[in-house]
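Residue numbers (this note's numbering): 16 to 444.
All remarks here apply to the structure that follows.
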Ligand code: CMC
């Protein structure tokens, strides 16, 4: 009769243990009973990068990396990208269910009426150097928002949580738009609450002298779809940062600043920026084989390729390829797409990539679309952050309501010096 348990024999002591298995996992803390003696603190699980450690139970998003599946609250990403809007998807992530028509109207209205930021934030942005990276500006200004909303620290108060969630989803595009305007020396363009979420973002990016900015319908929808595709992705690096910071009961603005900082790195949300630099460096299709050889020699990584979880085509990359075609019908083709498609073709035939199951990820094609839409390269991770905001917040709220969660505090295996006496500086060699 099969049992949901794991039998372990500790060969150091000959002792046997039986650990319960629940949801396909053993509890790491159950390993602690496995000791060699009274002084032994117990067996640890060693897992740098959390390759095989579940840090939480979550009902927000689901990935099957082997089959290339991504679902938000059970809904396939393909259906959401086709039929939903970003704000409806945000509602789904945060509430667990799709809204009724009335709930969606109220949700959209509430977010739309919190798009403005305090004028002092503008002064704060003014203080940044003209070439400050907009992601650095976003991280700082998101953190600064906590000083404007001191009630945000009441994280156990459902009403206070709700209003901060609304504010963050509403204001992040405004901060992003202002960061861009500052970097190009243009006056800030204020939110236009008549426009859609994505349409208003385009307004804040590109409005110049026209009385009313009219976003292109195709580009506005493409951007909305890109936000949907980025909205959540289970326990990735930035989401883990959000949860880890939140586990100390910091306010959501501070938590989100740490999540955005984690996203900034080139191995995570900064990868879309790196892909564009890489494609430009390659420059033409005939130079691809030589570039691939450098990757295989370990001199560099193929940016936008590979994923910790996906060992198959990233389903988001498939959707993005389709969106790219729609965008190019409006903007004209970005010549980098030809290099990207050829790079993908060559890589997917090469044993180096095939054997390691390295496929294009979400960042491989997103930058090419953004560039065709005239969005500067250093804004790419910022756009990722706008899309990921509802996911971070849904995961943060789930963490707070989870009775099993405690302050995040991993263990270590100490490999440093043993105890030794301090040597006064004049006696050191
Ligand atoms: N180019 C070349 N080789 C690679 C790449 C790549 N992009 N990614 C992984 N490898 C190789 C790596 O060298 C290693 O080979 P070996 O076994 O011979 O040492 C093997 O594949 C496994 O790599 P890993 O570093 O152990 O894998 P990981 O799960 O720790 O890293 C990753 C995942 C996404 C950081 C990595 O694939 C990478 O650096 N990709 C490029 C950056 C990128 O596109 N990031 C965006 C990820 S998707 C958006 C997001 O969610 O942030």
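Beta carbons: idealized from backbone N, C-alpha and C, even for Gly.
Any non-hydrogen atom of ligand 1 closer than 8 Å to residue i Cβ
i, result
"residue 329", "yes"
"residue 242", "no"
"residue 379", "yes"
"residue 67", "no"
"residue 405", "no"
"residue 290", "yes"
"residue 320", "yes"
"residue 281", "yes"
"residue 275", "no"
"residue 270", "no"
"residue 310", "yes"
"residue 355", "no"
"residue 218", "no"
"residue 284", "yes"
"residue 398", "no"
"residue 360", "no"
"residue 294", "no"
"residue 258", "no"
"residue 363", "no"
"residue 376", "yes"
"residue 252", "yes"
"residue 82", "no"
"residue 402", "no"
"residue 86", "no"
Cβ-Cβ separation, residue j to residue i (assumed contact under 8 Å), whole Å
i, j, result
"residue 59", "residue 421", "Between residue 421 and residue 59 the Cβ distance is about 17 Å, and since that is not below 8 Å, they are no contact."
"residue 183", "residue 271", "6 Å"
"residue 284", "residue 193", "No, residue 284 and residue 193 are not in contact; Cβ-Cβ is about 19 Å, not under 8 Å."
"residue 105", "residue 266", "So it is not a contact: roughly 20 Å between Cβ atoms."
"residue 156", "residue 140", "7 Å"
"residue 160", "residue 268", "4 Å"
"residue 216", "residue 188", "4 Å"
"residue 415", "residue 261", "7 Å"
"residue 409", "residue 247", "7 Å"
"residue 339", "residue 383", "6 Å"
"residue 387", "residue 349", "4 Å"
"residue 315", "residue 362", "Rounded, the Cβ-Cβ distance is 13 Å, inconsistent with contact."
Residue i classed as buried or exposed, judged by whether at least 16 other C-beta atoms fall within 10 angstroms
i, result
"residue 406", "buried"
"residue 152", "buried"
"residue 413", "buried"
"residue 67", "exposed"
"residue 107", "buried"
"residue 2", "With the chain running from 16 to 444 in the structure shown, residue 2 is simply not present."
"residue 19", "exposed"
"residue 132", "buried"
"residue 376", "buried"
"residue 88", "buried"
"residue 99", "buried"
"residue 17", "exposed"
"residue 196", "buried"
"residue 69", "exposed"
"residue 429", "exposed"
Contact with chain D by residue i, beta-carbon distance below 9 Å
i, result
"residue 362", "Of the protein chains in the structure, only one exists, and it is not chain D."
List, from N- to C-terminal side, the beta strand (DSSP E) runs of 3 residues or more that fit wholly inside the segment 349 to 432. Counting only runs of 3 or more residues that sit fully inside the segment 349 to 432, no beta strand (DSSP E) segment turns up.
Identify every run of the alpha helix (DSSP H) within the segment 170 to 202, keeping only runs that are complete inside it and at least 4 residues long; order them along the chain. For the segment 170 to 202, whole alpha helix (DSSP H) runs of length 4 or above, ordered along the chain, are 173 to 199.
At what residue ranges does the segment 280 to 306 contain a whole run of the alpha helix (DSSP H), taking only runs of 4 or more? For secondary structure counted as the alpha helix (DSSP H) over 4 or more consecutive residues, the segment 280 to 306 holds these complete runs in sequence order: 286 to 297.
Quick check for students: name the residue ranges of the beta strand (DSSP E) that lie wholly in the segment 30 to 76, counting only runs of 3 or more. Whole beta strand (DSSP E) segments, 3+ residues: 30 to 35.
My parser needs the alpha helix (DSSP H) runs of 4 or more residues fully inside the segment 92 to 121; what are they? Whole alpha helix (DSSP H) segments, 4+ residues: 92 to 98, 101 to 110.
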